[in-house]
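Asks: Taking the numbering used here, the leading residue of the sequence shown gets 28, the next gets one more, and so forth.
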Amino acid sequence: MNVIIKPIITEKMTKDGEVFNRFGFVVDKKANKIQIKNAIEASYGVTVENVNTMNYRSDRSVKYTKSGLIVGKTNAYKKAVVQLKEGEAIDFYNNI
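Here it is in structure tokens:
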């Protein structure tokens, strides 16, 4: 099972990474905190202290346009915010 889907690189998560040493990831919906911790430690070679997870539901939207009714939705996903040991960091921008 591929636990980590992609890192979350937003303004808020970048600031949390610099100030509080926390990084966000989109993870598999069925993954638990222990699996997330082991996957991050294996992928990036860091020590994870804490893992917080959040389940986001899909949002549905209906738009009334000239051509008729348009219905859409966003995907549901699970987000994990991991806090690393003091002095360690993950660099998403370096490809080395």
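For glycine and all other residues, C-beta sits at the position ideal for the given N, C-alpha and C.
(1) Below 6 Å CB to CB, which residues in the same chain sit around R87 once its five sequence neighbours on both sides are set aside?
(2) Do F52 and G44 have their CB atoms nearer than 8 Å?
(3) Spatial neighbours of N102 within its chain, please: C-beta separation below 7 Å, excluding the five flanking residues on both sides.
(4) Taking the C-alpha atoms as reference points, what is the distance between N82 and K56?
(5) Determine the extent of the beta strand (DSSP E) in which K64 is found, giving its start and end residues.
Replies: Answer, in terms of the structure:
(1) Counting from one through the sequence shown, the residue named residue 87 turns up at place 60. K100.
(2) Residue mapping note: residue 52 aligns to position 25 of the sequence shown, counting from 1. Residue mapping note: residue 44 aligns to position 17 of the sequence shown, counting from 1. No.
(3) Stepping through the sequence shown from its first residue, residue 102 is reached at position 75. The answer, listed in chain order, is S85.
(4) Position 55 of the sequence shown, counted from the first residue, corresponds to residue 82. Position 29 of the sequence shown, counted from the first residue, corresponds to residue 56. Each residue's Cα considered, the two are about 8 Å apart.
(5) The residue you call residue 64 lines up with position 37 of the sequence shown. First-last for K64: 60-71, but that is the alpha helix (DSSP H), not the beta strand (DSSP E).
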